[in-house]
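Remarks on the structure that follows.
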Amino acid sequence: MDFIWIIVGILLILVGIAGAIVPGIPGPIVSFFGLLVLQLRTNPAFSESLLFILGFIAIVVTILDYVVPIWGTKKFGGTKMGVRGSTIGLIVGIIGLPILGIVIGPLGIIGIILGPFVGAFIGESMAGTDSTKAWRSAIGSFIGFMAGTFMKLVYSLVVAYYFVIGLM
Numbered sequence: 003m004d005f006i007w008i009i010v011g012i013l014l015i016l017v018g019i020a021g022a023i024v025p026g027i028p029g030p031i032v033s034f035f036g037l038l039v040l041q042l043r044t045n046p047a048f049s050e051s052l053l054f055i056l057g058f059i060a061i062v063v064t065i066l067d068y069v070v071p072i073w074g075t076k077k078f079g080g081t082k083m084g085v086r087g088s089t090i091g092l093i094v095g096i097i098g099l100p101i102l103g104i105v106i107g108p109l110g111i112i113g114i115i116l117g118p119f120v121g122a123f124i125g126e127s128m129a130g131t132d133s134t135k136a137w138r139s140a141i142g143s144f145i146g147f148m149a150g151t152f153m154k155l156v157y158s159l160v161v162a163y164y165f166v167i168g169l170m
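In this note's numbering, the protein residues as written are 3 to 170.
The following block contains the structure:
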């Protein structure tokens, strides 16, 4: 039975790492569940306090992932339209390029990265914001998105590290 828990845990860790990059999948939470599944083995690998701390951090990072891009957009002078445009751009970047057949490789990632940037610019432009302020808002959205992605990725990789340590 331990083998099954290990396989399920590995799958959750991998989905969590992917979710750290691909919006829509709560990467840190999924990664954390991968670690919890490893605890179902005959010999649990981690203390309850470590799991509590990592679970708390997963929740904080997930919440920050939603807050930081909005903060970045607003910090750089963006409006609600810029934030909405950034969100729509992100969705179009995720869905639009795969529909066009660009799924794998750097071009698929470009949609995820540029979508919020272009969306924030278009949102600000539609709100009547001058182009200089619209570009600043777009840059803030991009920085916020990348900061959130970085936090999620670091957390998911740390959890993957603990997972490997727990297997030893």
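Note that the Cβ used here is the ideal one computed from N, Cα and C, for glycine as well.
- Message: Buried or exposed, going by whether 16 or more other CB atoms sit within 10 Å of the CB of Ser158?
- Response: What you label residue 158 is simply residue 156 of the sequence shown in a count that begins at 1. Looking at its Cβ environment, which holds 16 or more other Cβ atoms inside 10 Å, Ser158 is buried.
Tell me, please, whether the CB atom of Ile23 is closer than 8 Å to any CB atom in chain B? Among the chains in the structure shown there is no chain B, since it carries only a single protein chain.
query: Can you tell me the Cα-Cα spacing of Lys154 and Met3, whole angstroms?
result: In the sequence shown, residue 154 corresponds to position 152, counting from 1. In the sequence shown, residue 3 corresponds to position 1, counting from 1. So the alpha carbons of these two residues sit roughly 30 Å apart.
**Message:** Nearer than 7 Å: is that true of the beta carbon of Ile59 relative to any heavy atom of the ligand FMN?
**Reply:** The ligand FMN is absent from the structure shown, which contains no ligands of any kind.
Continuous alpha helix (DSSP H) assignments of at least 4 residues falling wholly in the region 82-170:
82-101, 108-128 and 133-169
So, under 8 Å CB-CB, Gly36 and Leu66 are touching, yes? Tell me the CB distance rounded to an integer number of Å. Your numbering for residue 36 matches position 34 in the sequence shown. Your numbering for residue 66 matches position 64 in the sequence shown. Wrong, their Cβ atoms sit about 20 Å apart, outside the cutoff.
Top-ranked residue by Cα proximity to Val166, from Leu53, Pro25 and Leu40 = If you number the sequence shown from 1, residue 166 lands on position 164. When each option's Cα is compared against that of Val166, the closest is Leu40.
- Task: Report the rounded CA-to-CA distance for Gly91 versus Val120, giving the unit in angstroms.
- Result: The count along the sequence shown starts at 1 and reaches residue 91 at position 89. The count along the sequence shown starts at 1 and reaches residue 120 at position 118. In a straight line, the C-alpha of Gly91 is about 6 Å away from that of Val120.
- [ ] Just mark Tyr164 as buried or exposed, buried being the case when its beta carbon has 16 or more other beta carbons within 10 Å.
- [x] Taking the first residue of the sequence shown as position 1, residue 164 is located at position 162. Tyr164 is buried by the Cβ-count criterion.
- Do the region 130-148 and the region 72-82 meet, that is, are 3 or more Cβ pairs less than 8 Å apart? yes
Report task. Kindly list the residues whose CB is nearer than 8 Å to the CB of Leu169, restricted to its own chain and excluding five residues on each side of it in sequence; keep chain order. Result -> The sequence position of residue 169 within the sequence shown is 167, counting from 1. Ile8, Leu40 and Ala47, listed in sequence order.
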